[in-house]
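Accompanying notes for the structure given below.
Residue numbers (UniProt numbering): 1 to 939.
Now the structure itself:
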């Protein structure tokens with residue numbers, strides 16, 4: 001169907017979208033018809049059918065919130081997921097990409113960052129360059145933002161894909177004349193680690209009314225210092241008295257290994273052998289792993305070293321009685337080092353009384369330094385890298401009473417390579433967008449046209465701690481590097497020089513996303529009805545999206561197996577790097593999107609308005625989808641408003657999810673084939689090849705959702721609201737990990753590919769259209785203000801109560817409740833709310849705010865004999881004061897986390913979700929923090 005024809009048909013049908021919420025009217029100004037998030041029909045602010053939560057720049061300043069990420073952590077409607085620089089800096093979850101560490105994402109309703117649409121001045125911006133799946137909020141120029149509008153409802157009928165969870169629209173300042181300078185500083189009081197510094201300059205000149213033009217520009221800079229686990233005593237994975245301990249067999253003072261499927265003919269020998277004493281006297285056990293420090297209970301004499309807690313892991317004595325391991329959870333960052341730069345400029349020209357042309361340019365760069373724990377590895381026969389007999393640091397355990405040790409053989413060992421340093425990555429993200437357009441009035445109708453091009457680039461640099469595979473094995477064979485540096489001692493200068501020569505540095509890989517868009521709409525009054533004006537809008541949206549993700553050509557290949565090290569005759573492997581993240585490759589892919597939409601705002605009778613919308617999107621890669629919406633607003637009197645909506649939505653699969661992008665890899669864990677192991681012992685310790693990549697057969701996620709609510713104003717200046725909402729999702733896009741497939745073989749047997757003899761040759765992990773989910777909840781809130789002789793008092797409270805979130809992977813499974821339960825990606829907390837009380841009088845104002853997050857059932861560790869427990873709720877208070885008594889200057893100071901609330905303890909370590917003994921998706925690692933800001937206006 002031709003685009004013009006479909007637009008015309010939609011206009012005749014007269015369907016349109018609801019709009020929402022109330023915006024405060026500017027004092028002394030005429031009531032202006034504006035376009036509110038969720039609708040293309042201009043109207044008087046406050047006329048919409050559903051609430052849009054509005055947060056102004058002054059609101060953020062009064063609460064000490066400087067970034068979009070800070071703002072989202074306050075909102076009950078935002079999900080509790082790994083979506084911030086704190087919670088995703090080392091995420092290894094099944095549907096995440098650790099290369100995007102340090103990104104900040106919106107996650108309304110907890111459906112994931114890709115299901116929240118982020119707009120700038122009502123238009124799309126490109127997704128993060130590395131992942132191509134969601135907008136990085138670091139690219140938003142917060143210094144130039146006037147207000148933020150948050151639509152708490154699906155909006156695919158207006159905007160298309162990604163709007164299932166809702167919409168966040170960042171709106172720039174306009175008609176700015178003069179200049180504003182602002183500086184911010186915050187520092188945790190416990191230590192200087194985690195300090196943040198910001199500065200911005202925003203200015204403009206010219207007015208449309210007098211000069212017929214206006215130009216605005218803003219430049220901001222932000223620098224954050226790293227906050228590490230060692231900076232907070234509660235951030236560690238070794239709390240055995242609470243049931244928490246790392247399950248690792250590596251230590252900075254290497255554990256000596258016995259024979260296994262990958263080790264043979266080494267000094268410690270096998271689990272069987274000559275009977276008699278093997279350690280000391282009277283101990284006939286033959287040990288398969290021994291650490292010299294464990295023999296004297298000195299594992300913790302080295303930083304982050306701990307004694308293995310066998311009782312918590314049901315481990316057997318031969319492998320764990322004399323084993324040291326590492327509290328690697330303590331080695332993780334709590335918040336990364338970050339540098340961010342943002343530039344935005346916008347020019348408006350009144351080309352006639354009814355037509356305005358504009359150009360808008362935004363650019364940003366964010367560089368986040370991510371630190372991962374030092375690498376660990378085991379020597380193997382295949383890699384031929386055991387410690388050699390006669391080496392200068394040969395550890396003869398026989399002299400320490402380990403009688404099974406044979407000093408005539410090489411030593412197999414497992415080592416945490418602390419001397420190589422933390423694996424350090426720099427993740428850089430560049431974003432640029434150029435938008436030109438026209439706004440105006442033709443006769444009685446408003447119109448808008450926009451043409452934009454946007455590009456987001458991201459890349460990863462290896463900074464430190466990554467070893468070249470070939471040079472590492474060559475160095476280990478020399479014996480010059482000492483795996484057994486005793487407490488208080490150091491590697492030799494020769495060894496450190498050798499270690500430094502082993503490291504690889506440089507650009508690892510990168511990706512870029514581009515978005516080209518041409519859009520337009522026209523709106524106005526269609527006719528007069530007895531109850532008021534029948535308003536309409538029709539519009540179109542044409543987009544081309546492209547994505548590319550490639551390793552740096554000819555530079556590095558990543559592997560987690562030392563057996564992949566090159567031989568002298570295999571120069572093609574000379575760039576293999578041990579344990580770096582990467583190897584996925586997506587050559588440039590693109591798709592075209594064509595969409596048309598229409599709206600009607602229908603006054604049925606006095607007090608009742610209907611708002612209708614429909615949108616059709618056609619994608620070049622998977623076809624078309626049509627999504628309608630109907631909303632109502634009924635106000636029988638001045639005290640009560642009833643409102644509600646019903647709509648459908650969709651989320652298109654991202655390029656990462658669609659593109660097969662990895663070669664087969666070998667699993668490093670043994671697995672018994674359920675089909676063959678019972679009759680064939682050779683199939684009981686398989687290490688399978690698997691792929692973990694995109695799926696070109698994916699279809700969009702589809703939603704059916706709705707809301708029903710009431711707003712009550714019992715007295716002047718008091719408002720209370722209650723909104724019930726429900727979202728049902730089908731064809732959810734989910735990433736199945738190899739572990740999930742192996743642990744649920746009966747459900748996914750078809751993903752295990754077999755040869756003619758029935759043996760597994762390949763396991764297909766990766767993205768699939770899973771089954772369904774259902775989510776229901778209640779948004780609630782109240783506000784009140786009182787003008788009193790003592791000053792102006794305001795009180796607000798807003799929250800979300802989750803009734804249920806149930807999901808399943810395949811249709812034959814039962815729906816499983818997730819609310820209040822531990823999850824590796826998103827926590828669906830039962831209750832979240834924020835409240836604030838403010839006072840203003842003359843030159844002074846102060847705000848006390850709080851954020852509450854309810855507890856949840858902890859990670860299930862009952863298999864270790866530890867009963868299921870509940871993680872405590874988490875409540876923080878912030879107190880800020882503002883002084884405006886100096887002409888043109890605003891001073892703000894206060895304390896975040898006023899009571900210095902510590903994160904509640906959780907069982908989980910960083911194996912399943914970031915955080916050791918705490919959960920960064922819920923809690924703030926900084927503690928009580930002093931924050932000050934000063935701004936000066938030149939007018």
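Beta carbons are placed, not taken as given, at the ideal position from N, Cα and C, and that holds for glycine.
Going by C-alpha positions, residue 477 is about 7 Å away from residue 386. If you look at residue 159, you'll find it in the alpha helix (DSSP H) that goes 156-159.
By the Cβ test, the stretch 234-249 is not in contact with the stretch 214-221, since fewer than three Cβ pairs between them sit closer than 8 Å. Excluding five sequence positions before and after residue 527, the CB atoms of its chain that fall closer than 6 Å to its own CB belong to 534, given in chain order. The way I'd put it, the stretch 348-357 does touch the stretch 435-446; three or more beta-carbon pairs between them come closer than 8 Å.
If you look at residue 723, you'll find it in the beta strand (DSSP E) that goes 718-730. Of the candidates 637, 133, 50, 519, 133 places its Cα closest to the Cα of residue 659. The Cβ-Cβ distance between residue 238 and residue 302 does not fall below 7 Å.
Excluding its 5 nearest sequence neighbours in each direction, residue 768 has C-beta neighbours in its own chain below 7 Å: 695, 734, 736, listed in chain order. For residue 679, no beta strand (DSSP E) segment is defined, and its DSSP state is neither H nor E. The stretch 900-911 and the stretch 63-81 do not touch, with fewer than 3 CB-CB distances between them shorter than 8 Å. In the structure shown, residue 499 falls within a helical segment according to DSSP collapsed to helix, strand and coil. The C-beta separation of residue 826 from residue 79 comes to about 5 Å, placing the pair in contact by the 8 Å criterion. Contact check for residue 416 against residue 326 passes: the beta carbons are separated by less than 7 Å. Within the same chain, Cβ atoms closer than 6 Å to the Cβ of residue 186 are found at 196, 929, 931, the five residues on either side in sequence being excluded. Out of 474, 697, 511, 738, the CA that lies nearest to the CA of residue 502 is found in 474.
In this chain, the beta strand (DSSP E) harbouring residue 609 covers 608-619.
Assigned with DSSP and collapsed to three states, residue 136 falls in coil, not helix or strand. By DSSP's assignment, residue 628 forms a beta bridge with 614. By the CB criterion at 7 Å, residue 227 and residue 271 fall outside the cutoff. The shortest CA-to-CA distance from residue 672 to any of 686, 738, 679, 397 is the one to 686. Distance from the CA of residue 899 to the CA of residue 874, rounded to the nearest whole angstrom, comes to 12 Å. Judged by DSSP secondary structure, residue 382 falls outside any beta strand (DSSP E); it is assigned neither H nor E. Around the CB of residue 887, fewer than 16 other CB atoms lie within 10 Å, so the residue is classed as exposed. Beta-bridge annotation (DSSP): residue 780 is paired with 722, 799.
DSSP lists 204, 346 as the beta-bridge partner residues of residue 216.
Across the structure, residue 348 and residue 170 are spaced so that their CA atoms are roughly 18 Å apart. Taking C-beta separations shorter than 6 Å and ignoring five residues to either side along the sequence, the partners of residue 139 in its chain run 364, 431, following chain order. Contact holds between the stretch 557-564 and the stretch 454-474, because three or more Cβ pairs, one in each stretch, are under 8 Å apart. Spatial neighbours of residue 592 in its own chain (CB-CB distance under 6 Å, excluding positions within 5 residues in sequence) are listed in chain order as 544, 620.
By the neighbour-count definition (other C-beta atoms within 10 Å, threshold 16), residue 367 is a buried residue. Cβ neighbours of residue 723 within its own chain (closer than 6 Å, five residues either side excluded): 707, 709, 779. Its Cα nearest to that of residue 116, the residue 108 stands out among 765, 635, 108.
Of the residues assessed, residue 813 falls on the exposed side of the cut-off, its CB having fewer than 16 other CB atoms within 10 angstroms. In this structure, residue 168 places its C-beta atom within 7 Å of the C-beta atom of residue 150. Remark: C-beta atoms of residue 184 and residue 202 do not approach each other more closely than 7 Å.
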